[in-house]
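Working notes, structure below.
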Amino acid sequence: MDNNAIESIVQAVLAQLASNGGNVSADSVKQTVSSVADNIPDSQLVDITSKEVKSKPLIEEPCDIDGLNRMISKTTARIGVGKAGPRLKTQTMLALRADHAAARDSVFADVDEKKMQDLGMFCVKTCCKDRNEHLTRPDLGRKFDAETVSEIKSKCTPNPDIQFVVSDGLSSKAIEANVKDVLPAVMDGVKSMGYSVGTPFFVKFGRVASMDHVCEIVGSKVTCILIGERPGLGTAESMSAYLTYESKVGMPEANRTVVSNIHSGGITAVEAGAYLAEVIDLIMKNKASGVNLKK
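In our numbering, the protein residues as written are 95 to 389.
Next up, the structure:
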C-alpha cells in the first residue's frame with residue numbers, strides 16, 4: 095500500500111473520530127478502514143510480504159548499501175529493517191504479523207483432498223479425529239486404525255521397491271505448493287532406474303513416523319514420505335522428504351534420511367524430485383538409510 099492509500103485511510107479514521115468527539119468503538123474504526131480500503135485501486139496496493147518488497151532495505155542512509163543488499167540477497171532473515179525510535183518500523187511489524195498469520199493458516203488448514211486425488215492418490219487418515227488432536231497428540235498421528243490398515247492393504251501394490259506417501263504434517267500449504275511437481279518427478283526418476291513403485295496415497299493428520307507403519311503394512315523396501323514442515327516466518331510452504339530402508343515401528347530417528355527446505359525459495363520442486371530419485375537409488379544399493387547410509 096503506497097503513501098497515498100495510507101493517507102486516505104488515516105484521514106477517514108480521523109474524520110470519524112472528530113465527528114464523534116473522539117468516542118468511537120474499535121469495530122467502527124475497522125469498518126471505516128475496510129470501507130476505504132475496498133475503494134483503493136489495486137495499483138496502490140503492495141504485498142509487503144513479497145520477496146521484492148523484503149529485498150529493499152529500510153535503513154536510512156546505510157554506510158554500505160551494496161554490502162547490505164548482498165547480505166539481504168543471501169538470507170531470508172530480517173536484516174536491514176531499520177527502526178522508528180526504539181521500535182520496528184510499521185512495514186516491518188505488519189510484515190511480521192502477515193507472515194505469522196500465513197504460518198497459522200497453514201498449520202490449521204486442511205489439504206484439498208480433491209487435488210491429491212487428481213494426482214492419482216487415495217486418501218486416508220491417522221488415528222487423530224481432528225486437527226486439535228493432531229497437534230496435541232503426535233502419537234496418534236503415527237498410526238492407523240484397523241479399518242484404515244485394511245484399506246491400505248486392499249488398495250496398495252504389495253512389496254514394492256519404493257512406496258511413496260504424502261502427508262499434511264504441519265503445513266497444508268507446503269503440500270499443495272510442491273507435491274504436484276515433486277511426486278511425478280521422483281516417481282518417473284525411480285521408474286527409469288528399474289525400480290517398482292507402489293501405489294502412492296495421502297495421509298491426513300500424519301506425522302513422519304506414520305511412514306514406519308505404512309512400510310510394515312505394504313512391505314516396501316524404501317518408504318518415502320513427503321510431508322509439510324512446521325512453518326516459520328520465512329515461508330509457510332516448506333516441505334521435507336523422509337526416507338527409510340525397511341523401517342519398523344519404533345525404529346530410531348537416526349535411521350531416517352531427510353531432504354528438507356523444498357519450496358520455491360529453497361530447493362525447487364523439480365530439482366528436489368530429481369535429487370530424491372538419486373538418494374533413493376543410493377539407499378537401495380546400500381540397503382541402508384540415515385546414519386547407516388554410506389556414500
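Glycine included, every Cβ here is placed at the ideal spot set by N, Cα and C. Keep in mind it's a predicted model, so treat the numbers as computed, not measured.
Report the option in the options whose CA atom is closest to the CA atom of residue i.
| i | options | result |
| --- | --- | --- |
| E331 | V312, T351 and I356 | I356 |
| D212 | F295, T362 and A382 | F295 |
| H307 | V259, G328, A192 and R324 | V259 |
| G179 | A189, A348, I153 and L327 | I153 |
| A196 | N272, E365 and P325 | P325 |
| V385 | I374, E347 and S358 | E347 |
| N226 | G300, Q185 and G174 | G300 |
| A335 | A363, G292, F216 and S290 | A363 |
| V352 | G344, G359 and Y339 | Y339 |
| F216 | E365, L376 and S261 | S261 |
| T170 | Y369, K183 and L327 | L327 |
| K342 | K183, M378, M305 and E365 | M305 |
| E365 | T184, D275 and C309 | D275 |
| A203 | L229, R181 and L182 | L229 |
| S129 | C157, E146, V147 and V104 | V104 |
| S314 | N163, I377 and T242 | I377 |
| P232 | K209, V302, D282 and R181 | V302 |
Which residue or residues does DSSP assign as beta-bridge partners of residue i?
| i | result |
| --- | --- |
| L337 | C318 and T351 |
| V291 | I256 |
| R298 | This sequence places Lys at residue 298; Arg is not what is there. Note: K298 sits in a beta bridge opposite K219. |
| I269 | Answer is none; I269 lacks a bridge partner. |
| S261 | V297 and I321 |
| I356 | M333 and I361 |
Counting C-beta neighbours from all protein chains within 10 Å, is the total for residue i 16 or more, i.e. buried, or is it exposed?
| i | result |
| --- | --- |
| E269 | The displayed chain sequence assigns Ile, not Glu, to residue 269. Per the 10 Å Cβ criterion, buried. |
| L320 | buried |
| K247 | exposed |
| A240 | exposed |
| N380 | exposed |
| R236 | buried |
| L108 | exposed |
| V205 | buried |
| N349 | buried |
| F238 | buried |
| P254 | buried |
| D193 | buried |
| S113 | exposed |
| V280 | buried |
| C318 | buried |
| C157 | exposed |
| V140 | exposed |
Below 8 Å between beta carbons: does that hold for residue i and residue j?
| i | j | result |
| --- | --- | --- |
| K219 | K267 | no |
| L277 | G322 | no |
| A371 | V284 | yes |
| Q257 | G288 | no |
| M345 | N272 | no |
| T329 | G367 | no |
| I361 | V316 | no |
| V175 | T186 | yes |
| L188 | I159 | no |
| S149 | I166 | yes |
| K177 | K168 | no |
| L337 | S383 | yes |
| L234 | C221 | yes |
Against chain D, does residue i count as a neighbour if the rule is that its beta carbon must be under 8 Å from one of theirs?
| i | result |
| --- | --- |
| A240 | The structure shown contains no chain D; it holds only a single protein chain. |
* To do: Taking only runs that begin and end inside the stretch 170-253, name each unbroken alpha helix (DSSP H) of 4 or more residues, in chain order.
  => Runs of the alpha helix (DSSP H) spanning 4 or more residues and lying entirely within the stretch 170-253 occur at 184-202, 207-212, 225-230 and 240-249, in chain order.
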